[in-house]
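Asker:
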Amino acid sequence: VLAAALAAWAGAAAAAEPARADPAAVDEAIRRVFPSLVRIHVVVAEFRDGREVKEEASGSGVIVSADGEVVTNHHVAGRARRVSCTLPDRREVEAVLVGSDPLADIAVLRLDPSGRPYPFASWGDPGRLRVGDPVLAMGSPLALSQSVTQGIVSNTAMMMPQLFWPASFKLDGEEVGFLVRWIGHDAQIFPGNSGGPLVNLAGEVVGINEISLGLAGAIPADLARTVAGELARRGEVRRSWLGLNVQAMIQGSGDRGALISGVVPGSPAEKAGLRPGDLLVGFQGAPVTILHAEELPAFNRRVLETPVGTRVELTFLRDGRERRATAVTVERGSAQGEEIELRAWGMTVRELTLLAARERRREACSGVLVTGVRPGSPAAEAKPGLRTDDVVVSVAGRPIRTVKELVEAAPGPAGGPERAPVLVGFERQGQALLSVVRPGSRQDGDRSIEARRAWLPVATQVLTPELAAALRIQARGGVRLTQVHPGSTADQAGLRAGDVLLRVDGQEIPASRPEDAEVFPTLLRAYPVGSKVRLEGVRDGAPLRIEAELVASPPSARELAEYRDAQFEFAARDLMVQDRLQAMMDPQQIGALVTRVEAGGWAAVAHLGVGDVLLAVDGERVDGAAALKARMERISAGRPSRVVFFVLRGVQTRYLELTPAWPSVNGKPVRAMPGGGDR
Amino acid sequence: MRTLTAVFALAVSLAAPVLARAEEAGTRKAARAALSRYGPALVTVRLTVKSRMVYEGREHSGQESTMEVLGTVIAPDGLTVISDFTSNPEGLFQREGGVRVETETSEVVLVLRDGREFPARFVLRDAGLDVAFLAPVGNIPPLACVPFERAAVPEPLDDLVLLTQLGRSLNREVGVTLRKVRAVVKKPRTFVVPDAIDGLMSLGGPAFDGKGRPVGLVVLRRAPGGPGNMESFRDLFEAMTAVVLSAADVQEVASQAVAARARAAALDGAATP
Chain A
37 VLAAALAAWA GAAAAAEPAR ADPAAVDEAI RRVFPSLVRI HVVVAEFRDG REVKEEASGS
97 GVIVSADGEV VTNHHVAGRA RRVSCTLPDR REVEAVLVGS DPLADIAVLR LDPSGRPYPF
157 ASWGDPGRLR VGDPVLAMGS PLALSQSVTQ GIVSNTAMMM PQLFWPASFK LDGEEVGFLV
217 RWIGHDAQIF PGNSGGPLVN LAGEVVGINE ISLGLAGAIP ADLARTVAGE LARRGEVRRS
277 WLGLNVQAMI QGSGDRGALI SGVVPGSPAE KAGLRPGDLL VGFQGAPVTI LHAEELPAFN
337 RRVLETPVGT RVELTFLRDG RERRATAVTV ERGSAQGEEI ELRAWGMTVR ELTLLAARER
397 RREACSGVLV TGVRPGSPAA EAKPGLRTDD VVVSVAGRPI RTVKELVEAA PGPAGGPERA
457 PVLVGFERQG QALLSVVRPG SRQDGDRSIE ARRAWLPVAT QVLTPELAAA LRIQARGGVR
517 LTQVHPGSTA DQAGLRAGDV LLRVDGQEIP ASRPEDAEVF PTLLRAYPVG SKVRLEGVRD
577 GAPLRIEAEL VASPPSAREL AEYRDAQFEF AARDLMVQDR LQAMMDPQQI GALVTRVEAG
637 GWAAVAHLGV GDVLLAVDGE RVDGAAALKA RMERISAGRP SRVVFFVLRG VQTRYLELTP
697 AWPSVNGKPV RAMPGGGDR
Chain B
111 MRTLTAVFAL AVSLAAPVLA RAEEAGTRKA ARAALSRYGP ALVTVRLTVK SRMVYEGREH
171 SGQESTMEVL GTVIAPDGLT VISDFTSNPE GLFQREGGVR VETETSEVVL VLRDGREFPA
231 RFVLRDAGLD VAFLAPVGNI PPLACVPFER AAVPEPLDDL VLLTQLGRSL NREVGVTLRK
291 VRAVVKKPRT FVVPDAIDGL MSLGGPAFDG KGRPVGLVVL RRAPGGPGNM ESFRDLFEAM
351 TAVVLSAADV QEVASQAVAA RARAAALDGA ATP
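Taken in sequence, the protein lines are chains A and B.
So the first sequence is numbered by my numbering: it starts at 37 and just counts up by one.
So the second sequence is numbered by my numbering: it starts at 111 and just counts up by one.
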């Protein structure tokens, strides 16, 4: 995603003339690293419009230990609900997310241990790279299998250009480039390359590809390795925070120090007495000089990597005088709390972390931030309705400080129209508002029936004057049968496709233009269901007289039995006559017609399609929605790792292999929706 | 005799404008009476719909949105009729093969002008006539309604009174418009065509004759066989026209809606533990 977005920003990049390196060295480097490349397929959770939705995406990664630790980007796998990796030998291996760090954009996966030992790559020293050095970008661009491009190091200190101001890129609230100074190179990378290694000719990983600005940018291996190591050990990265914002010195204001541009109220830096305008010249006894923006990430890293709770010495200049202060760092935490969906409320929320709270001039854990509201949901329909950026501070009189407290205070789903009201206090733009929310499950879908009318089970076309003349029929109007439903009353009465009908019970059928297509059905609609009508017309040039019974028009698809599977995220209903006719199926065809396949759901991942006819599940025949429901309920109880659907698609049948991740006992139910893409 | 004829002609010519003015005044009075009597029967129907695209079997996106459409209550128990098109506008643009747009309704609420809200559900649709019926879930206090069983069928150039509802920005006030009947289409069924219509906002509203008697419901009449290529606005206008569906036709389908509602309510009861 980052690669694609930034490339689009940068405009059309000129095609790079590949640098030529010693072919033998290139071959050797590829030989060393290629076996450890993985193509990563993820189903990730995204949050939109008050819902958690799942998307499929693809990225790259590199195995860095024989145990199967894979390093990739946070933006590839950080929100993964399911991960599988394809190795260069085509093996597909399930993986779990060990930890992820949006600030460095690094994530660590662990491959299924049954495949150990895994081939792995070695880390190199990015500090030894020089502009012009040949490098290889490896990965799975566009979800292709493992691929290699070649280029040179173009920049050893690539920064996010200020050109794009005021726009900035953020990953889960973290500013991209705050911590990272990329290795810029011209080996081509594409969406899907993200997380793949940048390799030197010694066959060492010197970076992890992350962005493309025309030039590609890789996270230096030293940073990637440090972060990945901590993620592998602890599942998270602990960092220090002082509440100090610094920027490069203003030109002409001196040749040492860093300009303190802001101090967060209540932060350790403020408590230590620092103020905006001070010049920071020393940190922990070491001099600080930031004359250019390129030097900022390194300083940020020094502060962040200081152990949490350290008493740090700060030396600064104020009014030309050097002063000293001490501050105790606190744990920084993440920029944003974890986002979750409250389905009964129809909204998504996240906790206010230290940083998020400070941005809103609040205390940490002083409420729950609303991040999205589903239209039509109880949260949206409350008066006043909740909105994105509201902060929920109380429910039913109980103060709410954390997401956990909100979940515990929120009533569970209650079906039906009568939902228990709950008083909700929330803050919006400085106002303390109260509202009444009625959390509960949504109504069932539209199950209305279609109006019944007397109907002859045939399809027709209007008998235009031109058609009548060509068929040598003397008539001012009528209809020609184009289809007779097999086994229907029309069929039993002896009607055939090709018959021309001119009169109903002696009354002419006044249909002579294509716009008159509804005339014949409307004539019939005037009769009660079950009536017998006398039809007169022409068959093969001879007069035709037939009596046929009118039946009730068929039910709409809405009225048919439908089964919705919440785990695999698809729906299927009984087949009806029209389905068989329109798809030219065998009239006796049985099965369940797939009507919904939620994008990102396990059925979609297995490429089940809307319109497929489900014939069997794990070898057991399915003859309709009821049978499918019974079969899937047994499968749900058994929780197998693989389920095989046998489907009819067009005239072909095929087997689809579904590999669900069953929710854990305390796990959230799987939900789904649209999208897909390469990262 | 000639003199008598001349006198009669003069009398008629003098009386005509007076009679016309009286007729106009009578129509306005009837229109105001209809507004007063039946205005409360116009309700807002709030729908939460999710539309999705299906292309070659693969489902894409699923934007959910809330929309409000005009409904007319036709029975005191809250049975309400709307133009089916207004609840499923994407259906107009469905194509055979290729991309298919589908809409699913998840929440239905009747909103009265006094702010009261009642959860409701669709009970019956007739896509061919462009009507959809919905009913409150559970019992509600009796509502004002338009009795379509006492219907009138006007002639071309007769007066036509249309009631419609203004939007939220105008406090959902009910508006009234005086129109003339431009045509009465007889085939394949009776449609009364007004000389002008206030856009799609009128769909789902009732129409009355110059004496204040119900004529029918404003619906969207679509050309058989779909909208065609719609390469120009002319194609669009030819393919779709707002017309008044006769009260008799509304009543015919409404009788099925009553039965459908009863069945849905019975199913609710059966599902109750």
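Glycine is no exception: its CB is placed at the ideal position from the N, C-alpha and C atoms.
No experiment lies behind these values; they were computed from the predicted model shown.
Using a beta-carbon distance below 9 Å, is aspartate 305(B) in contact with chain A?
Answerer: The residue labelled residue 305(B) in the question sits at position 195 within the second sequence. False, the Cβ-Cβ gap to chain A never drops below 9 Å.
Asker: Provide the residue span of the alpha helix (DSSP H) that contains serine 94(A), from first to last.
Answerer: Looking up residue 94(A) in the first sequence gives position 58. That residue, serine 94(A), is in no alpha helix (DSSP H); its beta strand (DSSP E) goes 87-99.
Asker: Looking at chain A, is there any beta carbon in it that lies within less than 9 Å of the beta carbon of threonine 196(B)?
Answerer: Here residue 196(B) is taken as the residue at index 86 of the second sequence, counted from 1. Chain A contact via Cβ: absent.
Asker: How big is the Cα-Cα spacing for aspartate 615(A) and methionine 621(A)?
Answerer: As a position in the first sequence, residue 615(A) is number 579, starting the count at 1. As a position in the first sequence, residue 621(A) is number 585, starting the count at 1. Taking the straight line from one Cα to the other gives about 8 Å.
Asker: Just the C-alpha distance for alanine 151(B) and leucine 244(B), rounded to the nearest angstrom, thanks.
Answerer: Counted from its first residue, the second sequence places residue 151(B) at position 41. Counted from its first residue, the second sequence places residue 244(B) at position 134. Taking the straight line from one Cα to the other gives about 14 Å.
Asker: Please state the DSSP three-state secondary structure of alanine 131(A).
Answerer: Walking along the first sequence from the start, residue 131(A) turns up at place 95. In this structure, alanine 131(A) counts as strand in the three-state DSSP scheme.
Asker: Evaluate glutamine 287(A) with the Cβ neighbour count: other Cβ atoms within 10 Å of its Cβ, from every protein chain shown; 16 or more gives buried, anything less gives exposed.
Answerer: Residue numbering aside, residue 287(A) sits at position 251 when the first sequence is read from its first letter. Answer is exposed; the Cβ neighbour count stays below 16.
Asker: Could you tell me which whole beta strand (DSSP E) segments of length 3 or greater appear in the segment 157-226 of chain B?
Answerer: Fully enclosed beta strand (DSSP E) runs of 3 or longer: 168-183, 190-193 and 209-221.
Asker: Closest by CA to leucine 531(A), which one among Gly573(A), Gln497(A), Thr558(A) and Pro333(A)?
Answerer: As a first step, residue 531(A) is located in the first sequence; it is residue number 495 there, counting from the start. Comparing Cα positions, the closest option is Gly573(A).
Asker: Label proline 197(A) either buried or exposed according to how many other C-beta atoms from any shown protein chain fall within 10 Å of its C-beta, with 16 as the threshold for buried.
Answerer: As a first step, residue 197(A) is located in the first sequence; it is residue number 161 there, counting from the start. Per the 10 Å Cβ criterion, exposed.
Asker: Proline 414(A): buried (16+ other C-beta within 10 angstroms of its C-beta) or exposed?
Answerer: The sequence position of residue 414(A) within the first sequence is 378, counting from 1. Classification for proline 414(A): buried.
Asker: Tell me glutamine 688(A)'s beta-bridge partners as DSSP assigns them.
Answerer: Locating residue 688(A) in the first sequence gives position 652, where the first residue counts as 1. According to DSSP, glutamine 688(A) bridges with Arg685(A).
Asker: Count the other C-beta atoms from every protein chain shown that fall within 10 angstroms of the C-beta of proline 411(A), then say buried if there are 16 or more, exposed otherwise.
Answerer: For the purposes of this step, residue 411(A) is identified with residue 375 of the first sequence, where counting begins at 1. Buried: at least 16 other Cβ atoms inside 10 Å.
Asker: Please confirm whether proline 199(B) has its beta-carbon closer than 9 Å to some beta-carbon of chain A.
Answerer: Numbered from its first residue, the second sequence carries residue 199(B) at position 89. No, proline 199(B) lies away from the interface with chain A (no Cβ there is under 9 Å from its Cβ).
Asker: I want to see whether chain A comes within less than 9 Å of glycine 277(B), judged by CB atoms only; does it?
Answerer: Counting from one through the second sequence, the residue named residue 277(B) turns up at place 167. No, glycine 277(B) lies away from the interface with chain A (no Cβ there is under 9 Å from its Cβ).
Asker: Note down, in chain order, each residue of its chain lying with its Cβ closer than 6 Å to the Cβ of alanine 495(A), except the 5 sequence neighbours on either side.
Answerer: If you number the first sequence from 1, residue 495(A) lands on position 459. Within the same chain, alanine 495(A) has close Cβ partners Thr518 and Gln519.
Asker: Assuming contact is defined by CB atoms lying nearer than 9 Å, are arginine 337(A) and leucine 234(A) in contact in what I supplied?
Answerer: On the first sequence, position 301 is the one that residue 337(A) refers to. On the first sequence, position 198 is the one that residue 234(A) refers to. Contact flag unset, no.
Asker: Mind checking which residues open and close the alpha helix (DSSP H) that includes proline 246(B)?
Answerer: Residue 246(B) sits at position 136 when you count from the first residue of the second sequence. Not the alpha helix (DSSP H): proline 246(B) falls in the beta strand (DSSP E), residues 241-246.
Asker: Is the shortest distance between the beta-carbon of glutamine 366(B) and the beta-carbons of chain A less than 9 Å?
Answerer: Taking the second sequence and counting its residues from 1, one reaches residue 366(B) at position 256. Yes, its Cβ sits closer than 9 Å to a Cβ of chain A.
Asker: Could you confirm whether any beta carbon from chain A is found closer than 9 Å to the beta carbon of serine 193(B)?
Answerer: Counting from 1 along the second sequence, the entry for residue 193(B) is found at position 83. Not one chain A Cβ lies under 9 Å of serine 193(B).
Asker: Pair every Cβ in the segment 189-200 of chain B with every Cβ in the segment 155-166 of chain B, then say whether three or more of these pairs are closer than 8 Å.
Answerer: Judged by Cβ distances under 8 Å, the segment 189-200 of chain B makes contact with the segment 155-166 of chain B, as three or more pairs qualify.
Asker: Any C-beta of chain A within less than 7 Å: which residues of the segment 138-156 of chain B qualify?
Answerer: Listed by position along the chain: nothing, the set is empty.
Asker: If you measure from the beta carbon of threonine 518(A) to each beta carbon in chain B, is any gap under 9 Å?
Answerer: Position 482 of the first sequence, counting from 1, holds the residue named residue 518(A). Closer than 9 Å: no.
Asker: Taking its Cβ as the centre, do 16 or more other Cβ atoms sit within 10 Å of arginine 373(B), making it buried, or is it exposed?
Answerer: Residue mapping note: residue 373(B) aligns to position 263 of the second sequence, counting from 1. Classification for arginine 373(B): exposed.
Asker: Looking only at its chain, what residues have a beta carbon closer than 7 Å to the beta carbon of valine 498(A), apart from the 5 residues adjacent to it on each side?
Answerer: Here residue 498(A) is taken as the residue at index 462 of the first sequence, counted from 1. Around valine 498(A): Val515, Ala547, Ser548, Arg549, Pro550, Asp552 and Ala553.
Asker: What is the rounded straight-line gap between the Cα of serine 365(B) and the Cα of phenylalanine 556(A)?
Answerer: Locating residue 365(B) in the second sequence gives position 255, counting from the first residue. Locating residue 556(A) in the first sequence gives position 520, counting from the first residue. For serine 365(B) and phenylalanine 556(A), the distance between alpha carbons rounds to 23 Å.
Asker: Where does arginine 5(A) sit, in a helix, a strand or coil, going by DSSP?
Answerer: Look at the range of chain A in this structure, 37 to 715, and you will see that residue 5(A) is not part of it.
Asker: Going along the chain, which unbroken runs of the alpha helix (DSSP H) with 4 or more residues stay wholly within the segment 98-169 of chain A?
Answerer: With a minimum length of 4 residues, the continuous alpha helix (DSSP H) runs that stay inside the segment 98-169 of chain A are 110-113.
Asker: Cα separation between phenylalanine 318(B) and proline 257(B)?
Answerer: For the purposes of this step, residue 318(B) is taken as residue 208 along the second sequence, with counting starting at 1. For the purposes of this step, residue 257(B) is taken as residue 147 along the second sequence, with counting starting at 1. Going from the Cα of phenylalanine 318(B) to the Cα of proline 257(B) covers about 11 Å.
Asker: Within the same chain, show all residues whose beta-carbon is closer than 6 Å to that of glutamate 178(B), passing over the 5 residues directly before and after it, in chain order.
Answerer: Your numbering for residue 178(B) matches position 68 in the second sequence. For glutamate 178(B), where only same-chain residues beyond five positions count, the Cβ hits under 6 Å are Thr154 and Arg156.
Asker: Strictly below 8 Å CB to CB, what residues from chain B border valine 567(A)?
Answerer: For this step, residue 567(A) is matched to residue 531 along the first sequence. For the sequence presented, residue 567(A) should be read as serine rather than valine. Chain B residues near serine 567(A): none, gap ~16 Å exceeds 8 Å.
Asker: Below 8 Å on the Cβ atoms is my guess for valine 119(A) versus valine 164(B); work out the distance and round it to an integer in Å.
Answerer: As a first step, residue 119(A) is located in the first sequence; it is residue number 83 there, counting from the start. As a first step, residue 164(B) is located in the second sequence; it is residue number 54 there, counting from the start. Between valine 164(B) and valine 119(A) the Cβ distance is about 28 Å, and since that is not below 8 Å, they are no contact.
Asker: Counting only Cβ-Cβ distances shorter than 8 Å, please list the residues of the segment 173-190 of chain B near chain A, keeping chain order.
Answerer: Those residues of the segment 173-190 of chain B that come within reach of chain A (Cβ to Cβ, closer than 8 Å) are Gln173, Glu174, Ser175 and Thr176.
Asker: Serine 193(B) and aspartate 240(B) - do their beta-carbons sit closer together than 9 Å?
Answerer: Here residue 240(B) refers to the residue found at position 130 when the second sequence is read from its first residue. Here residue 193(B) refers to the residue found at position 83 when the second sequence is read from its first residue. In contact: aspartate 240(B) and serine 193(B) (Cβ atoms closer than 9 Å).
Asker: Could you check the C-alpha separation between valine 569(A) and aspartate 576(A) for me, to the nearest Å?
Answerer: Within the first sequence, numbered from 1, the residue matching residue 569(A) stands at position 533. Within the first sequence, numbered from 1, the residue matching residue 576(A) stands at position 540. C-alpha separation (whole angstroms): 21 Å.
Asker: Going along chain B, which residues have a C-beta under 7 Å from valine 641(A)?
Answerer: Along the first sequence, one-based indexing puts residue 641(A) at 605. Correct list: empty, because the minimum Cβ distance to chain B is about 12 Å.
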